[in-house]
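So the sequence shown is numbered by the working numbering: it starts at 31 and just counts up by one. Please read the structure below before turning to the comments.
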Amino acid sequence: KIELASEILKELIEFGFNIELVLADSLYGEASSFIRTLDDLKLPWLVAIRSNPGVWMPSNESVRANKWHQFQRVFSNQTTQTRYIREIIFGKRSYRSYWEITLDPETLPENSTVFVMTNIKGNILQSLGNRYGLRTWVEYAFRQDKQELGWTDYRFTNFPDIEKWWEIIFCVYLMISLNSPAFLSLNQSCPTETEMPPPTVDFSSHQQWNLQRGWKNVLNNLRLIIQPTLALWLLSPWLDVFPNHNLLLGFHNLIHAMNQFKPFFPDG
């Protein structure tokens, strides 16, 4: 995993991606080779580490923990929770800094206390906890979304075939994400030269259409849009056996109406 993650980062940079921050759990935070790769690529990083990390320091220096500071952990639904953060200094400060983040500074509950290491500079006391909180989204929400799309539903044994399947999953994930409210608001703020005509169909009148704004709500609605095409594809072998012109015409009219739905795709 360490070598693969390093290779992926190098390839992303070669492709021209601008990486604002690398977040990782302790598997990567404890891997010195991975940290060296991040430093060689001059990337900002924030990684989890064990509570008792090994740090080289002179024998006449000591470890000290600064006082706790409150900060507001902001979640994706904009609710907040008070948490605490403090810096742990091993001897003298270096380009790396070490921090402890917890829900309760008195009891330090194991399931809500983390130790992190970062190379981010400046006044990060109030922002570091929320930046690291993004990893929770990657760990749980992103994983659930991938599973929803069938990340582990492949029936292949050849790894190149598995990679192709995963590529399809990522493409679908990107398509769903681009049509989520956050990306659609960006599209509305950047009008194109040629405006698309508005659809004559109110898709939201479908009894199963979801009017909420979450990622899975968007997935549900796009599934409804492609249902007529999938249904025709499933029934077409039987239409060869039992031709039905009216049914076929009805499907084509329904699919024509569905084609008025214009999903958002970036044009670069």
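Beta carbons are placed, not taken as given, at the ideal position from N, Cα and C, and that holds for glycine. Remember, predicted model here, so these are calculated numbers, not experimental data.
| query | result |
| --- | --- |
| DSSP three-state call for Q257: helix, strand or coil? | helix |
| In the DSSP assignment, find the unbroken beta strand (DSSP E) run with F200 in it and report its ends. | Segment 189-208 is the alpha helix (DSSP H) holding F200; no beta strand (DSSP E) there. |
| Going by beta-carbon coordinates alone, are L76 and L39 separated by less than 9 Å? | no |
| Less than 9 Å separating the beta-carbons of F64 and I43? | no |
| Out of I255, V231, F213, R253, state which residue places its alpha-carbon closest to the alpha-carbon of F294. | F213 |
| Under the three-state reduction of DSSP, which class applies to W167: helix, strand or coil? | helix |
| Given a cut-off of 9 Å, decide if L252 and I206 are closer than it, judged by their beta-carbon atoms. | yes |
| Taking the alpha helix (DSSP H) that Q290 falls in, what are its first and last residues? | Taken as a continuous stretch (DSSP letters only), Q290 belongs to no alpha helix (DSSP H), as it is neither H nor E. |
| Report buried or exposed for P258, applying the criterion of at least 16 other Cβ atoms within 10 angstroms of its Cβ. | buried |
| According to DSSP, simplified to helix, strand and coil, what is H236? | coil |
| For S56, report the span of its alpha helix (DSSP H) as first-last. | 56-59 |
| Since W129 contacts L158 with CB under 8 Å, what's their CB separation in whole angstroms? | 6 Å |
| Starting from the Cα of T230, find the closest Cα among M288, V202, P190 and give me that residue. | M288 |
| Here's the rule: buried if 16 or more other CB atoms are within 10 angstroms of the residue's CB, otherwise exposed. What is V248? | buried |
| Can you check which of these residues, L264, I131, F101, is closest to S81 by C-alpha distance? | I131 |
| Can you tell me the Cα-Cα spacing of N141 and F291, whole angstroms? | 45 Å |
| In the DSSP assignment, what are the bridge partners of V93? | F120 |
| Leaving aside the five residues before and after Y162 along the sequence, list all residues of the same chain whose C-beta is less than 6 Å from its C-beta, in chain order. | L76, V146 |
| Buried or exposed: which applies to N96, given that a residue is buried once 16 or more other Cβ atoms fall within 10 Å of its Cβ? | exposed |
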